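Asks: If you read the sequences in order, they're chains A and B.
Counting from 1, position 333 in the first sequence corresponds to residue 607 in the working numbering; the numbering is continuous, with no gaps.
Counting from 1, position 230 in the second sequence corresponds to residue 504 in the working numbering; the numbering is continuous, with no gaps.
Think of the CB as a built atom: it goes at the ideal place given N, C-alpha and C, for glycine as much as any other residue.
Note that this is a predicted model, so its numbers are computed, not measured.
Number of protein chains: 2
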Amino acid sequence: MKINRGFLQLNDRYLFSRIARKVQEYRGEHPGQEVLNLGIGDWTLPLGPAVLTAMERAVMELGSAETFRGYGEEQGYAFLRQAVCRYYAAKGVELAESEVFIGDGAKSDMGNILDLFAPESTVLIPDPVYPAYLDTNIMAGRSVKFLAGSRENRFLPLPPADLRADIVYICSPNNPTGSVYSREQLKEWVAWALAQEAIILFDSAYEAYIQDPDLPTSIYQIPGAQQCAIEFCSLSKTAGFTGVRCGYTVVPHGLVRDGISLNELWLRRQTTKFNGVSYITQRGAEAALSERGLQESRASISTYMANARVIAETLRDLGFWFTGGENAPYIWLQCPQGMSSWEFFDLLLHNCGLVGTPGSGFGRCGEGFFRLTAFARREDISRAMERLRSRY
Amino acid sequence: MKINRGFLQLNDRYLFSRIARKVQEYRGEHPGQEVLNLGIGDWTLPLGPAVLTAMERAVMELGSAETFRGYGEEQGYAFLRQAVCRYYAAKGVELAESEVFIGDGAKSDMGNILDLFAPESTVLIPDPVYPAYLDTNIMAGRSVKFLAGSRENRFLPLPPADLRADIVYICSPNNPTGSVYSREQLKEWVAWALAQEAIILFDSAYEAYIQDPDLPTSIYQIPGAQQCAIEFCSLSKTAGFTGVRCGYTVVPHGLVRDGISLNELWLRRQTTKFNGVSYITQRGAEAALSERGLQESRASISTYMANARVIAETLRDLGFWFTGGENAPYIWLQCPQGMSSWEFFDLLLHNCGLVGTPGSGFGRCGEGFFRLTAFARREDISRAMERLRSRY
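1) Quick one: is A:Asn278 near chain B, going by C-beta distance under 7 Å?
2) So, does the segment 404-414 of chain B touch the segment 275-295 of chain B, judging by three or more C-beta pairs under 8 Å?
3) What distance in whole Å lies between the Cβ atoms of B:Cys502 and B:Leu509, which are believed to be in contact at a cut-off of 8 Å?
4) Taking C-beta pairs closer than 7 Å, name the residues in chain B that A:Glu330 reaches, listed in chain order.
5) So, with DSSP's three-state summary, where would you put B:Thr597?
6) Would you check if the segment 437-445 of chain B and the segment 386-401 of chain B touch, i.e. whether three or more CB-CB distances between them fall below 8 Å?
7) Look at the alpha carbon of A:Lys381 and the alpha carbon of B:Gly346, and state the distance between them as a whole number of angstroms.
8) Any C-beta of chain A within less than 9 Å: which residues of the segment 370-383 of chain B qualify?
9) Which same chain residues, not among the five before or five after B:Val367, have their C-beta less than 7 Å away from its C-beta?
10) Taking C-alpha atoms, which residue in A:Ile575, A:Phe636 and A:Ile534 lies nearest to A:Ala482?
11) Need the endpoints of the beta strand (DSSP E) that A:Ser417 sits in, please.
12) Measuring CB atoms only, is the segment 542-559 of chain A touching the segment 382-390 of chain A, in the sense that at least three cross pairs come out at less than 8 Å?
13) Does the Cβ of A:Glu570 lie closer than 6 Å to at least one heavy atom of the ligand GTP?
14) Any contact of the segment 600-620 of chain A with the segment 446-459 of chain A, i.e. 3+ C-beta pairs under 8 Å?
15) Please report the distance separating the alpha-carbon of A:Arg665 from that of A:Ile655.
16) If we require 3 or more residues per run, which beta strand (DSSP E) segments fall completely within the segment 480-512 of chain A?
17) Take B:Gly315 and list the residues in its own chain whose beta-carbon comes closer than 8 Å to its own, dropping the five residues that flank it on each side.
18) For A:Ser338 and chain B, any beta-carbon pair shorter than 7 Å?
19) Do A:Ser552 and B:Thr555 have their C-beta atoms closer together than 7 Å?
20) With distance defined between alpha-carbon atoms, name the residue in A:Cys609, A:Ala499 and A:Ala561 nearest to A:Leu468.
21) When you compare only the Cα positions, how much space is there between A:Arg301 and A:Gln307?
22) Excluding sequence positions up to five away, which residues of its chain have a Cβ less than 6 Å from the Cβ of B:Ala513?
23) Taking the alpha-carbon of A:Ala252 as reference, which of A:Ser372, A:Ala422 and A:Glu330 has the nearest alpha-carbon?
24) Grab the span of the alpha helix (DSSP H) containing A:Arg355 for me, first residue to last.
25) From the DSSP output, read off the bridge partner residues of A:Pro632.
26) Restricting to runs no shorter than 3 residues, where is the beta strand (DSSP E) found entirely within the segment 551-603 of chain A?
27) For B:Ser634, go through chain A and note every residue whose CB falls closer than 9 Å to its CB, in chain order.
28) What in chain B is Cβ-close to A:Val518, meaning under 8 Å?
29) Would you check if the segment 348-364 of chain A and the segment 584-602 of chain A touch, i.e. whether three or more CB-CB distances between them fall below 8 Å?
30) Please name the residue or residues paired with B:Gln608 in a DSSP beta bridge.
31) Interface residues of chain A around B:Lys419 at Cβ under 8 Å?
32) Could you tell me the alpha carbon to alpha carbon distance between A:Gly640 and A:Ser634, rounded to whole angstroms?
33) Contact criterion: CB-CB distance below 7 Å. Does A:Arg343 meet it with respect to chain B?
34) Does any residue of chain B have a CB that is nearer than 7 Å to the CB of A:Trp540?
35) Can you list the residues of chain A that B:Glu471 reaches, using a CB-CB cut of under 9 Å?
36) Measuring alpha carbon to alpha carbon, tell me which residue in B:Arg343, B:His304, B:Asp401 and B:Thr410 is nearest B:Leu430.
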């Protein structure tokens, strides 16, 4: 039995495990010290009543023979796919129910979608970016090209005219940089993809953080995108579902390659290798997308965005260069005095008891940069910023 | 962009979709007729109080800032992995917590585990068997050999001495045949796998239905299996979690190939392409594996096994040859008078308004056989058997 050699090409340790280990070591050495975590992008506020009530009701339904539900459709209950369609309709995007697939989160779907593509496909990945894009392709033994983000392009690289690739990842609002592509910039990407029949894998996990009404919150707001893009989103960052697990993936019927509908391929993949999302979760997600649920989520997101403003003000006062924090929960700063990302990580941890994420963990072009997140309690954010002002 | 050609090798329609279409057509033509479904293996009884209470409490925890949970470990919460270890300890199998991976169901994990193996691996699949084993391997473009089940071997094929393969699937109690391998038979499989360093993918989804204390309920009850087998199980058929979605996969530390730990590979796969199971589900699963939860599940399983006895008696009276129904919720019968599986399906549907599953849907050797399941209400089972006695 031979193992898949792609796994041997992976770097040894996943970014967040290395951070966790360093924090654990620091805690061991400084037992009394409080550590403030602005590192992992994890929701912290409680779920709102709309979602809770719906999930409690769903649990009760499973306790009675008349309302018990066993297997649902692998691609999700119609009630939830319709709710997603209404959510898109509100942003001016018309989708058919059969174009929406409910999954257990964008991370799973973005990894599993690769099943559909030929092993020899060439993949284009922005650098820096969420590490799973790269790792999942290395596992599959694919050839990967990088698209350099930099201070100059504000970490929003555009396609060079001569660049060829089969698949391109776009994450906007971006994790880790917090940058957001404008409508004009996304038009360039769509035109590029259509010209060479490439597929855009569009990660819109943070679309709910966009405050500027001129910025696109879905790739399908760009004409032509339904012929070249798959969009992934989840309720993790939209409605606090990081522990409840629900995402959705849109594969338009217009997306056809080699004469084959990618919607049909993904349906086949999911019906064969997936068995649907918890009924309780799906009822919670339906409630999260209701008017009341959206209101409750918007209140939480406002809290996080206020946190982001506190961070941004501090960085501005201290003279840091940074992006993000206006339409995204992430702030991406340049490390001072030419420090490397891990040097700055160690300095923040040891001088301020403050945890962030080294930019180099997101790719080579992230070296010398650093990510802070707004997902924390306000008092922790405030204390973290006080420490930064006084001690770093 | 080229698609994965493996998908083009798949048969056109998945078994259960074809059944659903035929039933829909029949209903359209016979609007007044009640159709009794003994086709799909889906749980029908409500969840018990132990599980419900745990899930309600988990929902409430998510509604308060103090007890809110975001991302958990991808491989599952320690409380649930420990509960699985205790469940195995009760059957005489010692596992480390880190050998247990919590997932959203055996179907997902059994599909996704294939990521670990080299594309050129040769796969051995019993025929007949649960169709996803074959389809997932065809998607990956792997070379598949079949191992013929028959009336003669009671659909429990053993490894011929000269047979070579890298991966073998074993499903015991078997879906669809309801046959269960004895300890001696599994010893043969383990010896075969160890001799050629093959991997056994052991699907124990129906282990809770085994009534005979001499039959193994885990491959790890066979010495040597921790060096050659991965075991998949779920709470779908153990505790009615078909709609709640929770499974577990055991990858022992002793399982090493090419000098590489498969446990580490699977951990890497899951941390990169999966984000864990709903916290609510995991609390429900923990409760399902508690003493009270197990008691409640055993009561439900007893109901289904009593159903199975009603079916078995009827078939015996009518002179059918069949396997299963004693230690599994499935009864696998030979179609009468040399009929094909789909001919018998049509006959049962049209003469009795009764839906079962054509054996040919599970592989070539399933042709001429037919599956009935015990997952239905007692009164439906009784009415179905009356119709079978009087009308078929």
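Replies: Well, looking at it:
1) Chain B, which has a Cβ nearer than 7 Å to the Cβ of A:Asn278, makes this yes.
2) Yes, since at least three Cβ pairs between the segment 404-414 of chain B and the segment 275-295 of chain B fall closer than 8 Å, the two stretches touch.
3) The pair is not a contact, with the Cβ atoms about 25 Å apart (cut-off 8 Å).
4) Simply Glu330 and Val333.
5) DSSP, read as helix, strand or coil, puts B:Thr597 in strand.
6) They touch, by the three-pair rule.
7) Counting only the Cα atoms, B:Gly346 lies some 14 Å from A:Lys381.
8) Taking 9 Å as the upper bound on Cβ-Cβ separation, chain A lies near residues Asp378, Gly379, Ala380, Lys381 and Ser382 of the segment 370-383 of chain B.
9) Same-chain partners within the cutoff: Ser492, Tyr494 and Gln495.
10) Here the closest residue by C-alpha is A:Ile575.
11) It spans Ser417 to Ala422 - the beta strand (DSSP E) in which A:Ser417 sits, taken as one unbroken run.
12) Contact between the segment 542-559 of chain A and the segment 382-390 of chain A is present: three or more C-beta pairs spanning the two stretches fall below 8 Å.
13) What this structure holds is no ligand at all, so the ligand GTP is not there to describe.
14) They touch, by the three-pair rule.
15) For A:Arg665 and A:Ile655, the gap between their C-alpha atoms comes out near 15 Å.
16) Here the runs fully enclosed are 503-508.
17) Taken in chain order, the residues that qualify are Asn449, Lys511, Pro603, Tyr604, Thr647 and Phe649.
18) At a cut-off of 7 Å between beta-carbon atoms, A:Ser338 makes contact with chain B.
19) Cβ atoms of A:Ser552 and B:Thr555: closer than 7 Å.
20) When only C-alpha atoms are compared, the closest one is A:Ala499.
21) Answer to the nearest angstrom: the Cα atoms are 7 Å apart.
22) In chain order, Ala562 and Ser571 place their CB closer than 6 Å to the CB of B:Ala513, counting only its own chain and leaving out the 5 sequence neighbours on each side.
23) The structure shown has nothing for residue 252 of chain A, since chain A only spans 275 to 666.
24) Start and end: Ala352 to Ala363.
25) According to DSSP, which records beta bridges pairwise, A:Pro632 is partnered with A:Phe644.
26) 596-598, all fully within the segment 551-603 of chain A.
27) Ordered by position in chain A, no residue passes the 9 Å Cβ test against B:Ser634, which lies about 18 Å from the chain.
28) Chain B residues near A:Val518: Leu336, Ser552, Tyr553 and Ile554.
29) A contact is defined here as three or more CB-CB pairs under 8 Å, and the segment 584-602 of chain A fails this definition with respect to the segment 348-364 of chain A.
30) Answer by DSSP bridge pairing, in chain order: B:Phe643.
31) Listed by position along chain A, the residues whose Cβ is nearer than 8 Å to that of B:Lys419 form an empty set, because the closest Cβ is around 14 Å away.
32) The alpha-carbon atoms of A:Gly640 and A:Ser634 are separated by roughly 4 Å.
33) A:Arg343 belongs to the set of residues whose beta carbon lies under 7 Å from a beta carbon in chain B.
34) Look at A:Trp540: its C-beta is not under 7 Å from any C-beta on chain B.
35) Those within 9 Å of B:Glu471 in chain A are Met275.
36) It is B:Asp401 whose Cα lies nearest to the Cα of B:Leu430.
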